[in-house]
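Be aware that the sequence shown starts at 37, since it is given in our numbering, and climbs by one per residue.
All residues carry an ideal CB built from backbone N, CA and C; glycine is no exception.
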Amino acid sequence: MLLDHKPNIKPEVYDALDPTGNITIKWDVISLTPDGYVATVKTYNFKQYCHIQAPGWMLGWTWANKEVIWSMMGGQTTEAFISFKCRIKRIPDHLRKVNEQAYTPTIISVGPFNNYNKNLRTMEKFKVRYFKSFVKWANINSENLVSTTREMEVRISYCYAEASLGMDRDVVWKRILVDAIFILELIIRNDNERKESDDFLIMDQMDFIIFDLVLLENQLPFFVPEKLFNFYPNCSHSSSLIDQNF
37 MLLDHKPNIK
47 PEVYDALDPT
57 GNITIKWDVI
67 SLTPDGYVAT
77 VKTYNFKQYC
87 HIQAPGWMLG
97 WTWANKEVIW
107 SMMGGQTTEA
117 FISFKCRIKR
127 IPDHLRKVNE
137 QAYTPTIISV
147 GPFNNYNKNL
157 RTMEKFKVRY
167 FKSFVKWANI
177 NSENLVSTTR
187 EMEVRISYCY
197 AEASLGMDRD
207 VVWKRILVDA
217 IFILELIIRN
227 DNERKESDDF
237 LIMDQMDFII
247 FDLVLLENQL
257 PFFVPEKLFN
267 FYPNCSHSSS
277 LIDQNF
């Protein structure tokens, strides 16, 4: 498939198989040739995969079954279908003003919305400590966790209502990686699956932590901890525990 960079082209999406723009593409390799950028493409069921527009890129190709997609703007696809109605949203200001404490975490922040709350920074140290402890205990390369989360980057960013979160996208998914591991570790340690010397510092505040983790703005996309749980040693042994908590 040939990709041509044409920044002045009017954005449009046309799919002979699906006029709504939901399509079946994903590419693995992109290389630069004298003729332009060439991508090696895999195809999937268009009901399960959703195209994400990226203005400036124009794609054109022919389906193996002779159906033709004439042109389409965009350069990325998700791993799975994204429902744009199901997003993690901010609380409207008029509701927050009624009772701000009901919507504001007191100890811990997960996800990007409360990242700049100075009152929550103490717990950030514990999150990093839990992350490092897990990497050491599981005897895995942290780069494997990073690459797995990076593959979900687009899905993660589209789970949050705001197109711009005021944070670099790399910062967002790295933060969510640490947050997801912290939550998984918290569940397993709290159920005596594994104990560490500093656990009492967290467990004494468990009631407050649980309260914070159910706040509407304090959420992670479920597929992130679900995916990362596969890195846990004997994950099948603890699967029922995770299912119960989630």
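Check: Tell me the DSSP secondary structure of I144 in three-state form.; Outcome: coil
Check: Can you tell which of R225, M239, F162 and S193 has the C-alpha that lies nearest to the C-alpha of P149?; Outcome: Before going further, note that residue 149 is Phe rather than Pro in the sequence given. Closest by alpha carbon: S193.
Check: Excluding the five sequence neighbours on either side, which residues of its own chain have a C-beta within less than 7 Å of the C-beta of R205, listed in chain order?; Outcome: E189 and S193
Check: Would you list, in sequence order, the uninterrupted alpha helix (DSSP H) runs of no fewer than 4 residues that lie entirely inside the stretch 128-184?; Outcome: 129-132 and 157-174
Check: Measure the alpha-carbon distance for R123 versus N254 and round it to whole angstroms.; Outcome: 12 Å
Check: Which partner residues of Y196 appear in the DSSP bridge assignment?; Outcome: I124
Check: Quick one: measure Cβ to Cβ for A174 and Y268, integer angstroms, because I've assumed they're closer than 8 Å.; Outcome: 7 Å
Check: Express the C-alpha separation of K154 and F259 in angstroms, rounding to a whole number.; Outcome: 28 Å
Check: I'd like the span of the alpha helix (DSSP H) that includes N226, first residue to last.; Outcome: R205 to N226
Check: In three-state DSSP terms, what is V250?; Outcome: coil
Check: How is F258 classed by DSSP in three states: helix, strand or coil?; Outcome: coil
Check: So V214 packs on F167, CB below 8 Å; how close in whole Å?; Outcome: 5 Å
Check: Below 6 Å CB to CB, which residues in the same chain sit around S132 once its five sequence neighbours on both sides are set aside?; Outcome: As written in the sequence, residue 132 is Arg, which differs from the Ser given in the question. Here the set comprises Y139.
Check: Do I217 and F162 have their C-beta atoms closer together than 8 Å?; Outcome: no
Check: Can you tell me whether V146 is buried or exposed, with buried defined as 16 or more other CB within 10 angstroms of its CB?; Outcome: buried
Check: Can you list, in chain order, the residues of its chain whose CB lies under 7 Å from that of E262, leaving out five sequence neighbours each side?; Outcome: none
Check: With 16 other CB atoms within 10 Å as the buried threshold, where does R321 fall?; Outcome: Because the chain is modelled from 37 through 282, residue 321 falls outside the range shown and cannot be assessed.
Check: Pick from I212, V182, E179 and V171: whose alpha carbon is nearest that of C195?; Outcome: I212
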